[in-house]
Amino acid sequence: MQRVQGFAQRVKASLQVYAVGARIAMLERLQYPLASLMFMVNVLIEPIIYLVVWSSATAAQGGAVGGYTAGQFAGYYIIWTFVRQFNLAVGPDSFNWRIKNGSLAGELLRPIHPIDIDLGWNLGFKVMQVVYWIPIGVILWLMFKPEVNPQGWQLLSFPIVLMLAAYVRFFVMWLVGLICFWTERIDSLIELYFAAELLFSGRLVPLEIMPVWAQKIAGYLPFQWTFYFPIELLLGRVTMSEFWMGVLAQVAWILAAYVGIRLVWVRAVRRFTAVGA
Amino acid sequence: MLRPLKLFGLFARISILNEVQYRANFFMQVLQSSLSLGTGLIVLNVVYSYTDNLGGWSQAELLAVYGVFVLMSGLIGSLVLPNMWAFMEDVREGRLDFTLTKPEDSQVLISVRVVAIWRLVDVLLGIVVLGVAIGRMGLEASWWLAFAFAATLIMGMILLYCVLLLASILSFWFVRVWELMEMMQSIFQAGRWPVGIYPDWLRLGLTYLIPVAFAVTVPAEALTGRLTPELLAGTFVFTLVALFVTRRLWMFGLRNYSGASA
Chain A
206 MQRVQGFAQR VKASLQVYAV GARIAMLERL QYPLASLMFM VNVLIEPIIY
256 LVVWSSATAA QGGAVGGYTA GQFAGYYIIW TFVRQFNLAV GPDSFNWRIK
306 NGSLAGELLR PIHPIDIDLG WNLGFKVMQV VYWIPIGVIL WLMFKPEVNP
356 QGWQLLSFPI VLMLAAYVRF FVMWLVGLIC FWTERIDSLI ELYFAAELLF
406 SGRLVPLEIM PVWAQKIAGY LPFQWTFYFP IELLLGRVTM SEFWMGVLAQ
456 VAWILAAYVG IRLVWVRAVR RFTAVGA
Chain B
230 MLRPLKLFGL FARISILNEV QYRANFFMQV LQSSLSLGTG LIVLNVVYSY
280 TDNLGGWSQA ELLAVYGVFV LMSGLIGSLV LPNMWAFMED VREGRLDFTL
330 TKPEDSQVLI SVRVVAIWRL VDVLLGIVVL GVAIGRMGLE ASWWLAFAFA
380 ATLIMGMILL YCVLLLASIL SFWFVRVWEL MEMMQSIFQA GRWPVGIYPD
430 WLRLGLTYLI PVAFAVTVPA EALTGRLTPE LLAGTFVFTL VALFVTRRLW
480 MFGLRNYSGA SA
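Protein sequences appear in the order of chains A and B. Residue numbering for the first sequence follows my numbering, starting at 206 and increasing by one per position. Residue numbering for the second sequence follows my numbering, starting at 230 and increasing by one per position.
In structure tokens:
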């Protein structure tokens, strides 16, 4: 009984930490509306480029390319913009500057795990991003006339898949970021990571359209569960069995990354020498 | 006219001497540039595995567009952007005062101070991609083509310099403009594809607001024989106007700068 109570208390404490972190992030976003808007443009330019490219390609091919119509491409990339707001994560390079400018030293002194600080902050950030996204989503919807036909179960399960997608990306990136404790020169590594994500997540191009070798590689990586899977689900292109496979893969990747973080974190902190405290 | 070039040569030498101390950075840059080049080429291939023309451009022609894009990113990334970042930092920290007291034109000084030489790797890669594209297009070399390409490339670079400097000048009034710079850099990515494929509102923005069209598409058009003399003349006039406006706004901005250390 005592243990259950202790656990409940810990959960409650964590939730409080998240709530506070989220509130801070939301206030920050509100404080700089113009900066938030520009950040949004940054995030949106990429899908719009590819939406246009594939629209031109379908127009040149007379209606459809690789099983997608122009309307489905539009749907794919508009849902992309929505999914992107949710799977925004703390970049792996954030550890680099947190170590360099010494703010990590301060974070380590607190009785909270830094990942909890990030989780809360990231949550608030997402909420505000979604708020900023709504008008843009409406405009894009009207402009590009997407074809989105989810069935009832696909629509209902989308929020869960979206949340899982967000946390696959968050935990995997956090784990990758821990490399910063071993080396400062991780720029190239981060580049490699993001190049892989671009190609194997369905971020640039729907995976189904990628060559077979790329689809095979994507099967071994976590990326497709953060973009391709939720997008395809809402587009109405995922079967029931694919759905269960996907959810299972998402949960597995979250667990794997979480265990990875627990294992690596203890060793990482031991290597850390405070700077500028 | 020669003085700015001499200054540029001087600062470039210092930059190079500075950077060759860190040769590991060269290999990092090679790795990063090859990665992004590889990603770009894969996507280009995927698109052209489903269609043989995009907005009237063949695969070889689009490879030329991509080559110009990589080349231009390298030029801007090594010669222009580092200077803009340094300038904005100077305004924020109040170090611009030291530049203003020097007996040279301040706009020239802040524009030529830094050369990020390793970014020139992209220039080389861009030239290689262009070479391959030209080979595939079976281009007939002519003086007009070479001249039009070189001229549009230089004017495109000047136009991008003007727009980036205009954005940086805003830091005289709003100290925090790096988000704007980042936004412009990501919009520049749209230049990987010919601007003709974009919807009207976006194409206009990419032509006049952030002149991606002039910087990448027009030189590529010159190379693929689509450039008319009228467009070349128009580009020239637009470049002159942009230079003039930028100069004016620089002077105006300077009058607003109140210094931080004085």
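Don't be surprised by glycine CBs; every beta carbon is placed ideally from N, CA and C. Note that the structure is predicted; figures quoted are calculated from it, not measured.
Q.
My assumption, with CB atoms under 8 Å, is that P448 of chain B sits in contact with G385 of chain B. Please give the rounded CB distance.
A. To locate residue 448 of chain B, count along the second sequence from 1; it is residue 219. To locate residue 385 of chain B, count along the second sequence from 1; it is residue 156. The pair is a contact, with the Cβ atoms about 6 Å apart (cut-off 8 Å).
Q.
According to DSSP, simplified to helix, strand and coil, what is A218 of chain A?
A. Mapped onto the first sequence, residue 218 of chain A falls at position 13. In the structure shown, A218 of chain A sits in a helix (DSSP, three-state: H, G or I).
(Q) Can you pull the chain A neighbours of P311 of chain B, defined as C-beta to C-beta under 7 Å? (A) As a first step, residue 311 of chain B must be located in the second sequence, where it is residue number 82. Residues of chain A passing the Cβ test: none, with the nearest at roughly 16 Å.
(Q) Output needed for I363 of chain B: all residues of its chain with C-beta closer than 8 Å, excluding positions within five of it in sequence on either side, in chain order. (A) Residue mapping note: residue 363 of chain B aligns to position 134 of the second sequence, counting from 1. For I363 of chain B, where only same-chain residues beyond five positions count, the Cβ hits under 8 Å are A293 and L452.
Q) With distances taken from CA atoms, which of B:S262, B:F255, B:L338 and B:L435 is nearest L397 of chain A? A) Position 192 of the first sequence, counted from the first residue, corresponds to residue 397 of chain A. The candidate whose alpha carbon is nearest that of L397 of chain A is B:S262.
Q. Between the segment 414 to 431 of chain B and chain A, which residues of the former have CB atoms less than 8 Å from a CB of the latter, in chain order?
A. S415, I416, Q418, A419, R421, W422, I426, Y427, P428 and L431
Q) What are the residues of the segment 284 to 299 of chain B that lie near chain A, defined by any Cβ-Cβ distance shorter than 8 Å? A) Hits within the stretch, in order: G284.
Q) So what does DSSP say about Y273 of chain A, is it helix, strand or coil? A) Residue mapping note: residue 273 of chain A aligns to position 68 of the first sequence, counting from 1. Strand at Y273 of chain A.
Q: Decide yes or no for the touch test of the segment 270 to 281 of chain A against the segment 351 to 369 of chain A: beta carbon pairs closer than 8 Å, at least 3 of them.
A: yes
Q.
If contacts are defined as beta-carbon pairs under 8 Å, then G407 of chain A and F432 of chain A qualify, I think. What distance do you get, rounded to the angstrom?
A. Reading the first sequence from its first residue, position 202 is the one you call residue 407 of chain A. Reading the first sequence from its first residue, position 227 is the one you call residue 432 of chain A. About 5 Å; that satisfies the 8 Å criterion.
Q: With a cut-off of 8 Å on the beta carbons, I'd call G382 of chain A and S299 of chain A a contact; round off their distance for me.
A: Here the question's residue 382 of chain A lines up with position 177 in the first sequence. Here the question's residue 299 of chain A lines up with position 94 in the first sequence. So it is a contact: roughly 6 Å between Cβ atoms.
Q) Mapping DSSP to helix, strand and coil, what is W373 of chain B? A) Within the second sequence, residue 373 of chain B is the residue found at index 144, counting from 1. Of the three classes helix, strand and coil, the one that applies to W373 of chain B here is helix, per DSSP.
Q) Taking only beta-carbon atoms, is V249 of chain B less than 8 Å away from chain A? A) The residue you call residue 249 of chain B lines up with position 20 of the second sequence. No, no contact with chain A.
**Q.** 8 Å Cβ cutoff, V257 of chain A in contact with chain B
**A.** In the first sequence, counting from the first residue as 1, residue 257 of chain A sits at position 52. Taking Cβ atoms only, chain B reaches closer than 8 Å to V257 of chain A, which makes this a yes.
Q) Just reading off the alpha helix (DSSP H) that R477 of chain B is part of, what are its end residues? A) As a position in the second sequence, residue 477 of chain B is number 248, starting the count at 1. It spans P458 to N485 - the alpha helix (DSSP H) in which R477 of chain B sits, taken as one unbroken run.
Q: On a CA-only basis, which of A:G325, A:T286 and A:W358 is nearest I344 of chain A? Give me that one, please.
A: The residue you call residue 344 of chain A lines up with position 139 of the first sequence. Ranking the options by Cα distance to I344 of chain A, first place goes to A:T286.
Q. Using the beta-carbon count (16 or more within 10 Å), is S446 of chain A buried or exposed?
A. The residue given as residue 446 of chain A occupies position 241 in the first sequence. Burial call: exposed.
Q: Figure out for me which residue from A:W259, A:L249, A:T274 and A:P297 has the closest Cα to the Cα of E389 of chain A.
A: Against the first sequence, residue 389 of chain A aligns to sequence position 184. Measuring from the Cα of E389 of chain A, the nearest candidate turns out to be A:P297.
Q: Check each candidate in A:P435, A:T263, A:W259 and A:G276 and name the one with the smallest Cα separation from L347 of chain A.
A: One-based indexing of the first sequence puts residue 347 of chain A at position 142. Comparing Cα positions, the closest option is A:G276.
Q: State yes or no: is the beta carbon of E396 of chain A nearer than 8 Å to at least one beta carbon in chain B?
A: Position 191 of the first sequence, counted from the first residue, corresponds to residue 396 of chain A. Output row for E396 of chain A: interface = yes.
Q: For A275 of chain A, return the contacting residues in chain B, with the cut-off set at a CB-CB distance below 8 Å.
A: Translated into the one-based positions of the first sequence, residue 275 of chain A becomes position 70. Near A275 of chain A there are no residues of chain B at all, since even the closest Cβ is about 12 Å away, more than 8 Å.
Q. So is F401 of chain B buried or exposed if we call it buried at 16+ other beta carbons inside 10 Å?
A. Numbered from its first residue, the second sequence carries residue 401 of chain B at position 172. It counts as buried.
Q) Going by the beta-carbon positions, is the gap between I322 of chain A and G226 of chain A smaller than 8 Å? A) The count along the first sequence starts at 1 and reaches residue 322 of chain A at position 117. The count along the first sequence starts at 1 and reaches residue 226 of chain A at position 21. Closer than 8 Å, so yes.
Q. For Y427 of chain B, which of B:R477, B:L283 and B:W372 has the nearest alpha-carbon?
A. Looking up residue 427 of chain B in the second sequence gives position 198. Per the Cα distances, B:L283.
Q. Quick one: does E450 of chain B have its CB under 8 Å from some CB of chain A?
A. Position 221 of the second sequence, counted from the start, is the residue given in the question as residue 450 of chain B. E450 of chain B does not count as touching chain A.
Q | Inter-residue spacing [alpha-carbon to alpha-carbon] between T468 of chain B and V441 of chain B | A | For the purposes of this step, residue 468 of chain B is taken as the residue at position 239 of the second sequence. For the purposes of this step, residue 441 of chain B is taken as the residue at position 212 of the second sequence. Those two C-alpha atoms are separated by around 13 Å.
(Q) Beta-carbon within less than 7 Å of I387 of chain B's beta-carbon, same chain only, minus the 5 sequence neighbours each way: which residues are those? (A) Along the second sequence, read from residue 1 onward, the residue named residue 387 of chain B stands at position 158. Once the five neighbours on either side are set aside, the close Cβ partners of I387 of chain B are T468 and L472.
Q. Quick one: Cα of F403 of chain B to Cα of I346 of chain B, how far?
A. As a first step, residue 403 of chain B is located in the second sequence; it is residue number 174 there, counting from the start. As a first step, residue 346 of chain B is located in the second sequence; it is residue number 117 there, counting from the start. If you take the alpha carbons of F403 of chain B and I346 of chain B, they lie about 30 Å apart.
Q) What are the residues that DSSP puts in a beta bridge with W286 of chain B? A) Your numbering for residue 286 of chain B matches position 57 in the second sequence. W286 of chain B pairs with B:L283.
Q: Report the residue from A:I253, A:P252 and A:Q266 whose alpha carbon sits nearest the alpha carbon of T280 of chain B.
A: Within the second sequence, numbered from 1, the residue matching residue 280 of chain B stands at position 51. Closest in C-alpha terms to T280 of chain B, from the list A:I253, A:P252 and A:Q266, comes A:Q266.
Q.
Check whether chain B comes within 8 Å of F244 of chain A, counting only Cβ atoms and requiring the distance to be less than that.
A. Residue mapping note: residue 244 of chain A aligns to position 39 of the first sequence, counting from 1. Answer yes: the Cβ-Cβ gap between F244 of chain A and chain B drops below 8 Å somewhere.
Q. For V361 of chain B, which of B:L304, B:Y251, B:R477 and B:A289 has the nearest alpha-carbon?
A. Along the second sequence, one-based indexing puts residue 361 of chain B at 132. Checking every option, the nearest Cα to that of V361 of chain B belongs to B:A289.
Q. Is the beta carbon of Y390 of chain B sitting closer than 8 Å to the one on V309 of chain B?
A. Counting from one through the second sequence, the residue named residue 390 of chain B turns up at place 161. Counting from one through the second sequence, the residue named residue 309 of chain B turns up at place 80. Yes.
Q) For chain B, is any of its Cβ atoms less than 8 Å away from the one on G268 of chain A? A) Locating residue 268 of chain A in the first sequence gives position 63, where the first residue counts as 1. Chain B contact via Cβ: absent.
Q: Flag this pair as yes or no: are the beta carbons of L439 of chain A and Q334 of chain A separated by less than 8 Å?
A: Start at 1 with the first residue of the first sequence, and residue 439 of chain A comes out as number 234. Start at 1 with the first residue of the first sequence, and residue 334 of chain A comes out as number 129. By the CB criterion at 8 Å, L439 of chain A and Q334 of chain A fall outside the cutoff.
Q. Does any CB atom of chain B fall closer than 8 Å to the CB of I344 of chain A?
A. Your numbering for residue 344 of chain A matches position 139 in the first sequence. False, the Cβ-Cβ gap to chain B never drops below 8 Å.
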